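Colleague:
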Amino acid sequence: MEFTFDGSGDIATLYGRVDLSDYVSVLNSNGLAIKEVRWQLRNPSQADTGMLNPVLATPLAIEVNQFSGIKIWGCTVAYQSAVDVGIGSPNVIALEERHSNISPIQDAGSNVGGSTSFGREWYGTLDLHPEGYTVVTDMLIGIAANNCTALAGDTLQLDIQIIAEPVSITKGRLEEMLAQGSDL
Numbered sequence: 001m002e003f004t005f006d007g008s009g010d011i012a013t014l015y016g017r018v019d020l021s022d023y024v025s026v027l028n029s030n031g032l033a034i035k036e037v038r039w040q041l042r043n044p045s046q047a048d049t050g051m052l053n054p055v056l057a058t059p060l061a062i063e064v065n066q067f068s069g070i071k072i073w074g075c076t077v078a079y080q081s082a083v084d085v086g087i088g089s090p091n092v093i094a095l096e097e098r099h100s101n102i103s104p105i106q107d108a109g110s111n112v113g114g115s116t117s118f119g120r121e122w123y124g125t126l127d128l129h130p131e132g133y134t135v136v137t138d139m140l141i142g143i144a145a146n147n148c149t150a151l152a153g154d155t156l157q158l159d160i161q162i163i164a165e166p167v168s169i170t171k172g173r174l175e176e177m178l179a180q181g182s183d184l
């Protein structure tokens with residue numbers, strides 16, 4: 001999945017679809033028990049490693065505290081806004097938040113120092129074994145970001161890994177899953 005930050009370092013909520021149609025079929029009562037979902041953010045403009053710098057804002061370009069964040073989640077239904085997505089939201093399987101905060105110190109209008117902090121939080125269970133999270137639809141990976149000025153205009157890549165196994169679904173369970181999906 002590729003996505004590009006706008007000139008302010010923002011990304012409005014957007015989704016990539018992981019096509020699971022080779023494994024799931026409502027007509028045949030075939031589902032997929034997702035055991036683990038992992039992803040890796042990569043910055044192809046970083047020579048030799050492609051690693052993402054954890055400091056998401058441009059340190060010397062700001063005069064006040066700046067909080068920057070990226071939110072990534074895996075789900076089976078699309079949410080209109082990342083603001084509505086939490087680990088307790090229906091059909092959200094995995095959620096990661098990356099953030100950085102820059103607090104400059106100024107003297108006579110010039111940045112002379114300060115502090116930078118950054119973090120990465122993973123919410124939810126990394127390991128959904130042994131039963132897994134059963135799906136009968138494609139998986140969606142959502143992303144949103146704000147104030148990532150160090151990445152303004154950049155295109156990043158997100159590699160996605162899903163560990164799962166095919167399962168048969170009873171008619172009753174299938175009806176329950178489809179009813180829950182239509183309630184959202």
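Residue 34 in the working numbering sits at position 34 of the sequence shown, and the numbers go up by one each step. Backbone N, C-alpha and C fix where the C-beta goes; we use that ideal spot for every residue, glycine too. If you're wondering where the values come from, they're calculated on a predicted model, not measured in any experiment.
Leaving aside the five residues before and after K71 along the sequence, list all residues of the same chain whose C-beta is less than 6 Å from its C-beta, in chain order.
Modeller: Reading the sequence shown from its first residue, position 71 is the one you call residue 71. Hits under 6 Å: A82, E97 and A144.
Colleague: Would G7 pass as a contact of G109 if the rule is Cβ separation under 8 Å?
Modeller: For this step, residue 7 is matched to residue 7 along the sequence shown. For this step, residue 109 is matched to residue 109 along the sequence shown. For G7 and G109, no; Cβs fall outside 8 Å.
Colleague: From this set, V136, R173, T76 and S100, which residue's C-alpha is nearest N65's C-alpha?
Modeller: Position 65 of the sequence shown, counted from the start, is the residue given in the question as residue 65. It is S100 whose Cα lies nearest to the Cα of N65.
Colleague: What residues are listed by DSSP as bridge partners for T134?
Modeller: Here residue 134 refers to the residue found at position 134 when the sequence shown is read from its first residue. Answer is A33, bridged to T134.
Colleague: Between I169 and G124, is the Cβ-Cβ spacing less than 8 Å?
Modeller: Sequence index remark: in the sequence shown, residue 169 carries index 169 (1-based). Sequence index remark: in the sequence shown, residue 124 carries index 124 (1-based). No. Outside cutoff.
Colleague: Count Cβ pairs between the region 154–169 and the region 16–35 that sit closer than 8 Å; are there 3 or more?
Modeller: yes
Colleague: If you run the structure through DSSP and keep just helix, strand and coil, what is G172?
Modeller: As a working note, residue 172 is residue 172 in the sequence shown. G172: helix per DSSP, three-state reduction.
Colleague: Whole angstroms are fine: how far does the CA of L27 sit from the CA of R173?
Modeller: Position 173 of the sequence shown holds residue 173. Position 27 of the sequence shown holds residue 27. Going from the Cα of R173 to the Cα of L27 covers about 13 Å.
Colleague: Determine the closest residue to I160 out of T149, G142 and G113, with distance taken between C-alpha atoms.
Modeller: As a position in the sequence shown, residue 160 is number 160, starting the count at 1. For I160, the nearest C-alpha among the options comes from G142.
Colleague: Judging by CA-CA distance, which residue of V112, G113 and M139 is the nearest neighbour of D22?
Modeller: Taking the first residue of the sequence shown as position 1, residue 22 is located at position 22. For the residues V112, G113 and M139, the minimum Cα distance to D22 belongs to M139.
Colleague: Could you give the DSSP three-state label for M139: helix, strand or coil?
Modeller: What you label residue 139 is simply residue 139 of the sequence shown in a count that begins at 1. Note: M139 maps to strand in three-state DSSP.
Colleague: Between the Cα of G16 and the Cα atoms of Q157, S115 and L178, which residue gives the shortest distance?
Modeller: Residue numbering aside, residue 16 sits at position 16 when the sequence shown is read from its first letter. Nearest option by C-alpha distance: Q157.
Colleague: Give a single yes or no on whether T125 has its beta carbon closer than 7 Å to a heavy atom of the ligand GTP.
Modeller: In the structure shown, the ligand GTP is absent, as is every other ligand, since no ligand is present at all.
Colleague: For T149, which of L20, S68 and A47 has the nearest alpha-carbon?
Modeller: Translated into positions along the sequence shown, residue 149 becomes position 149. Restricting attention to L20, S68 and A47, the CA atom closest to the CA of T149 is found in S68.
Colleague: Look at the alpha carbon of R42 and the alpha carbon of E2, and state the distance between them as a whole number of angstroms.
Modeller: Taking the first residue of the sequence shown as 1, we reach residue 42 at position 42. Taking the first residue of the sequence shown as 1, we reach residue 2 at position 2. Cα-Cα distance, rounded: 10 Å.
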